[in-house]
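The sequence shown begins at 985 in my numbering and counts up by one. Where is the CB? At the ideal position from N, CA and C, for every residue including glycine. A quick note: this is a predicted structure, and the numbers were derived from the prediction, not measured. Below you'll find the structure, written out as structure tokens, and then a few comments.
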Amino acid sequence: MIRPRPSACENMNHRRANSPVSHCPQCGGVVNAQLSSPPCNDAKHAASRRQRSAFCVDCGVQLIIVR
Ligand SMILES: [Zn+2]
Ligand SMILES: [Zn+2]
């Protein structure tokens, strides 16, 4: 999995002590390793994609490929 450097991302979740999500929707990096989410499925990822999340906030998989 590609892990961009945290400094490259300005998402507010990185600055939170207790982020409500386990992964950043912008870079896919882990923002709260203590959160355990239920397994993802395609429907959930499709819904996240429609909300323009580049990455799944639960598993960190890339949803939108940007070139
Ligand atoms: Zn990020
Ligand atoms: Zn997911």
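Check: residue i C-beta below 7 Å from any heavy atom of ligand 3
| i | result |
| --- | --- |
| Asn1025 | With respect to ligand 3, the structure shown offers nothing to examine, as its ligands consist of ligand 1 and ligand 2. |
Nearest candidate by alpha-carbon position, reference residue i, set the options
| i | options | result |
| --- | --- | --- |
| Ser1037 | Leu1019, Cys1011 and Val1015 | Cys1011 |
| Cys1031 | Ala1017, Gln1018, Asn1002 and Ile1048 | According to the sequence displayed, residue 1031 carries Ala and not Cys. Per the Cα distances, Ile1048. |
Residue i, buried or exposed, once every other Cβ within 10 Å from all chains shown has been counted against 16
| i | result |
| --- | --- |
| Val1050 | exposed |
| Val1041 | buried |
| Val1045 | exposed |
| Ser1020 | exposed |
| Pro967 | Because the chain spans 985 through 1051 in this model, residue 967 falls outside it and cannot be assessed. |
Cβ separation of residue i and residue j, assumed to be a contact under 8 Å, to the nearest whole Å
| i | j | result |
| --- | --- | --- |
| Cys1043 | His1007 | 7 Å |
Which parts of the segment 1006-1049 are runs of the alpha helix (DSSP H), unbroken and 4 residues or longer, counting only runs that do not cross its ends?
-> 1026-1034
For review: beta carbons within less than 6 Å of any heavy atom in ligand 1 = Cys993, Asn995, His998, Cys1008, Gln1010, Cys1011 and Gly1013
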